[in-house]
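Numbering (the numbering used here), first residue to last: 133 to 242. Every residue gets a Cβ at the ideal spot worked out from N, C-alpha and C, and that includes glycine. Encoded as structure tokens, the structure appears first; notes follow it.
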């Protein structure tokens, strides 16, 4: 359920910001289930509908990545949860405190 909520929130935020073309990376192995209603438990159908509605406004591609490959995202998520922030980093021009980590991770991905 937590993974589905994370996908709903991120997709809704991107849709609200009118960002059209995105690549969504996740380390959740449940991603294929999130995209098919028949695989989602009945009590999560409302969340699934919110996800589909948000995704309908986006041109996006989904990729499954190993947790080790996306330390920046994990650091942001941990920080947001610990601080109980409910505002997107995107709207605040990104997390400046992670610039070095972002550059390091990007250089390893290239």
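Beta-carbon to beta-carbon, residue 139 and residue 166 are separated by about 6 Å, close enough to satisfy the 8 Å threshold. The Cβ-Cβ distance between residue 154 and residue 163 does not fall below 8 Å. Burial is judged here by how many other beta carbons sit within 10 angstroms of a residue's own beta carbon; residue 196 has fewer than 16 and is exposed. Bridge pairing for residue 235: absent [DSSP]. Separation of residue 210 and residue 156 (C-alpha to C-alpha, rounded to the nearest whole angstrom) is 18 Å. When the beta-carbon positions are compared, residue 136 and residue 187 stay at least 8 Å from each other. For the 8 Å CB-CB criterion, residue 144 and residue 193 do not form a contact.
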